[in-house]
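Take the numbering used here: the final residue in the sequence shown is number 907, and no numbers are missing along the way.
Cβ coordinates follow ideal geometry from the N, Cα and C atoms, glycine included.
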Amino acid sequence: MPINTITSDYILPDIDNHFKVSAGPGAGKTHWLVNHIKHVLHNSDKLFRTKKIACITYTNIAVETILKRLGTSAERVEVSTIHSFLYNNVVKPYVSFIADEYQLDVSKIDGHDDITPNWMYINEWITNHPNSNLLKHPYSVNQLTKLPNYKYALINWLNSLVYKIDVKTEEVSIISDRSDAFYLEGTSRRYLNKKCLDALEIDFLEYKKKYWQNGKISHDDILFFSFQIIIRFPFVLDILSSRFPYIFVDEFQDSNPIQVEIIKKIASKKTITGVIGDVAQSIYEFQGADCTQFELFTLPNIENYILQENRRSSNEIIDVLNFIRTDISQIKFRNFTNVKPSIFIGDMDKALRIAKDVCVGEKVYTLSRNNITSNAMKAEINGAGLDYTLLDKLKEEDSNRRSKLFYSCIKAIAYAKEKKFKDAVKELEKYFNYKTDKIRGKKKALNYITIFLEKFSEFENGSLLEFSEFVRNNIDSDLTKVTKGAVKVFYENHTFTQLYFCVSIPDDLSLHKTIHKAKGDEFDNVLLVLKQENDLDFLLNRNLSNNEEHRINYVGCSRAKNRLFISVPSLSDEKKEILTPLFEIHNI
Numbered sequence: 320m321p322i323n324t325i326t327s328d329y330i331l332p333d334i335d336n337h338f339k340v341s342a343g344p345g346a347g348k349t350h351w352l353v354n355h356i357k358h359v360l361h362n363s364d365k366l367f368r369t370k371k372i373a374c375i376t377y378t379n380i381a382v383e384t385i386l387k388r389l390g391t392s393a394e395r396v397e398v399s400t401i402h403s404f405l406y407n408n409v410v411k412p413y414v415s416f417i418a419d420e421y422q423l424d425v426s427k428i429d430g431h432d433d434i435t436p437n438w439m440y441i442n443e444w445i446t447n448h449p450n451s452n453l454l455k456h457p458y459s460v461n462q463l464t465k466l467p468n469y470k471y472a473l474i475n476w477l478n479s480l481v482y483k484i485d486v487k488t489e490e491v492s493i494i495s496d497r498s499d500a501f502y503l504e505g506t507s508r509r510y511l512n513k514k515c516l517d518a519l520e521i522d523f524l525e526y527k528k529k530y531w532q533n534g535k536i537s538h539d540d541i542l543f544f545s546f547q548i549i550i551r552f553p554f555v556l557d558i559l560s561s562r563f564p565y566i567f568v569d570e571f572q573d574s575n576p577i578q579v580e581i582i583k584k585i586a587s588k589k590t591i592t593g594v595i596g597d598v599a600q601s602i603y604e605f606q607g608a609d610c611t612q613f614e615l616f617t618l619p620n621i622e623n624y625i626l627q628e629n630r631r632s633s634n635e636i637i638d639v640l641n642f643i644r645t646d647i648s649q650i651k652f653r654n655f656t657n658v659k660p661s662i663f664i665g666d667m668d669k670a671l672r673i674a675k676d677v678c679v680g681e682k683v684y685t686l687s688r689n690n691i692t693s694n695a696m697k698a699e700i701n702g703a704g705l706d707y708t709l710l711d712k713l714k715e716e717d718s719n720r721r722s723k724l725f726y727s728c729i730k731a732i733a734y735a736k737e738k739k740f741k742d743a744v745k746e747l748e749k750y751f752n753y754k755t756d757k758i759r760g761k762k763k764a765l766n767y768i769t770i771f772l773e774k775f776s777e778f779e780n781g782s783l784l785e786f787s788e789f790v791r792n793n794i795d796s797d798l799t800k801v802t803k804g805a806v807k808v809f810y811e812n813h814t815f816t817q818l819y820f821c822v823s824i825p826d827d828l829s830l831h832k833t834i835h836k837a838k839g840d841e842f843d844n845v846l847l848v849l850k851q852e853n854d855l856d857f858l859l860n861r862n863l864s865n866n867e868e869h870r871i872n873y874v875g876c877s878r879a880k881n882r883l884f885i886s887v888p889s890l891s892d893e894k895k896e897i898l899t900p901l902f903e904i905h906n907i
């Protein structure tokens, strides 16, 4: 099937054909998509007063960007993430049709969210598991539900649950990614063995029902319920198609197979469907995304296009991007010549200070692989050795209810410090659980947040034990005091800041964020922070097709418009020689 090369100002001659647009970083795909939506609004004979265009994108920040660019035209377009679109148009109106089968309490549903594993549910599931008689020593029910090491490993393992679809049979199952989920932290360094996991794995649905009975549904649950609804009640697809004659999906390379099948089924009902994406920017495998989904996606008579320009970056940065990937060679649209990108060898906090000196008077954005590194960059400290699991370990080390409050407080403080007050209130509301009096819950949460922000300096640099005392003295005097044993040792040996750095900020708007949260954005000056020398493999042993880590760092580099810096702790002379043609390399 021929692929037509177009520019971001190209107008499709036929708006009623399915299309697929491949677009590398900085190609102007959002500009093209917004203009295409406006073009359809002005020229389509399929849109009436009650009909809209559905525009699906990946993040809330991208939603806001598209709405802003659409201006007054936004009234006739439903712009949302795939989860919000399906929740509002499929799950919310129709999930009651299947609620009894899945023991879902519809009356308790209040949107969808990330679900924190609940040990009480895990305990009940294992205790009543149909294969509990197969769990022999050292993995008996009693040991799995009592020993702290096993509890932590089980939560890690259940955190790895994903939905998998068999396209031929249209059956969706729940599986666990066993890559490292059954590793046990602690001095014993034991493992949950294969026999134990095999015995438990047959019954994941019953585990999920523990949450559904309380109206708690995750983002992935939205996909599961949506697919079940449209398969069993096909009239829902007719309603969707009638309401949305056009559906356009941005960042399609980040779709998982269930999302793809849902989009295909909507398209089969005569909804004109367009997808936009880039296989080299597929970086959400941990959410079930498959980079081949975009490449293989097809519909009857679909038209294929490619945006080959790079309208964002300097010529020197585009040279780096073209060096990394071999499937396309981006055209230099700006034709702006600047200094070569730089590699700083040494501590990441020093690299940031030097980058700031180079970009005097301008902002420098840092992009990191994980939250704890990006949070360390906010404090401009060297994040080497920080443990990103500490916040989750808190509730496992301390089974007392106080740990749940400390957990929610630390997350709420981190959100509030980044001016994410809505998220901060929502986090504390989970702990209060005032379902019948939400105003009371919001007021209490706001009161807590006000105290924490006003007195932040009193606990910011102290131990976790000191923070616990602050909460007891200023927030909730009824909490049990941490007094002895392994729990007290944990609280004494870890600081508030160490756990604070573990918090992932939703839709992070700061200067320091993860690469995933920078997706779809662009910045004048970027410092890509790498934790080890081997992370430079995306430049030295390029394999974007089969290595997601390479794609992640490629995305990080491609966010830069004018200056690109890379921080790495060490670099051999041999590797320096290979990279010298593209980079200025400095020991710091």
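In this structure, DSSP gives Ala373 an extended state, which the three-state scheme calls strand. Assigned with DSSP and collapsed to three states, Arg388 falls in helix.
Val639 and Cys610 have their C-alpha atoms spaced approximately 22 Å apart. When DSSP states are grouped into helix, strand and coil, His402 belongs to the helix group. Annotated three-state conformation of Ala418 is coil, per DSSP. Rounded to whole angstroms, the Cβ separation of Phe842 and Tyr684 is 4 Å, and the two are in contact under 8 Å. Within the same chain, and ignoring the five residues on either side of Asn408 in sequence, the residues whose Cβ sits closer than 7 Å to its Cβ are Leu559. The beta carbon of Ser722 is closer than 7 Å to those of Leu713 and Lys714 in its chain, skipping five residues each way along the sequence. Contact between the stretch 364 to 375 and the stretch 392 to 401 is present, with at least three C-beta pairs closer than 8 Å.
Membership of Gly593 in the beta strand (DSSP E) is indicated by the continuous run Ile591 to Gly596.
Judged by beta-carbon spacing, Phe338 lies within the 9 Å limit of Val594, meaning their Cβ atoms are closer than that value. At least 9 Å separates the beta-carbon of Lys757 from that of Glu746.
Nearest C-alpha to Ala674 among Lys514, Arg631 and Leu883: Leu883. With contact defined as three or more Cβ pairs closer than 8 Å, the stretch 691 to 702 and the stretch 438 to 454 are not in contact. Apart from the 5 residues on each side of it in sequence, Gln422 sits with its Cβ closer than 8 Å to the Cβ of Lys528, Trp531 and Gln532 in its chain, given in chain order. With fewer than 16 other Cβ atoms from the protein chains shown falling within 10 Å of its own Cβ, Leu859 counts as exposed. In chain order, Val409, Val410, Tyr413, Val414, Phe416, Ile417 and Val555 place their CB closer than 8 Å to the CB of Ile548, counting only its own chain and leaving out the 5 sequence neighbours on each side. Membership of Tyr440 in the alpha helix (DSSP H) is indicated by the continuous run Trp438 to Thr446. Proximity of the stretch 849 to 857 to the stretch 613 to 633 falls short of the contact definition, fewer than three beta-carbon pairs being nearer than 8 Å. Counting only the Cα atoms, Tyr726 lies some 26 Å from Ala837. Between Trp438 and Lys465, the gap from beta carbon to beta carbon reaches 9 Å or more. Counted as a single uninterrupted DSSP element, the beta strand (DSSP E) harbouring Asp843 occupies residues Phe842 to Val848.
For the 9 Å CB-CB criterion, Ile834 and Asn872 form a contact. By the Cβ test, the stretch 763 to 776 is in contact with the stretch 728 to 735, since at least three Cβ pairs between them sit closer than 8 Å.
The C-beta separation of Leu724 from Asp795 comes to about 7 Å, placing the pair in contact by the 8 Å criterion. Nearest to Leu710 by C-alpha distance, out of Asn690, Asn701 and Ala703, is Asn690. Between Ile904 and Lys895, the C-beta spacing is below 9 Å. Take the alpha-carbon of Lys659 and the one of Arg653: they are about 16 Å apart.
Taking 9 Å as the cut-off, the beta carbon of Ile484 is found no closer than this to the beta carbon of Leu524. From the listed residues Val845, Val579, Lys741 and Glu420, the smallest Cα separation to Glu681 is found for Val845. When C-beta atoms of the stretch 570 to 588 are compared with those of the stretch 321 to 330, fewer than three pairs fall below 8 Å, so the two segments do not count as touching. Annotation for Asp485: the continuous beta strand (DSSP E) segment containing it runs Leu480 to Asp485. Under the DSSP assignment, Glu580 falls outside any beta strand (DSSP E), being part of the alpha helix (DSSP H) whose first and last residues are Pro576 to Ala586.
Here Gly345 is buried. Its C-beta has 16 or more other C-beta atoms within 10 Å. Taken through DSSP and simplified to helix, strand or coil, His831 comes out as strand.
Non-local beta-carbon contacts of Ile550 in its own chain, meaning distances under 8 Å to residues more than five positions away in sequence, involve Glu489 in chain order.
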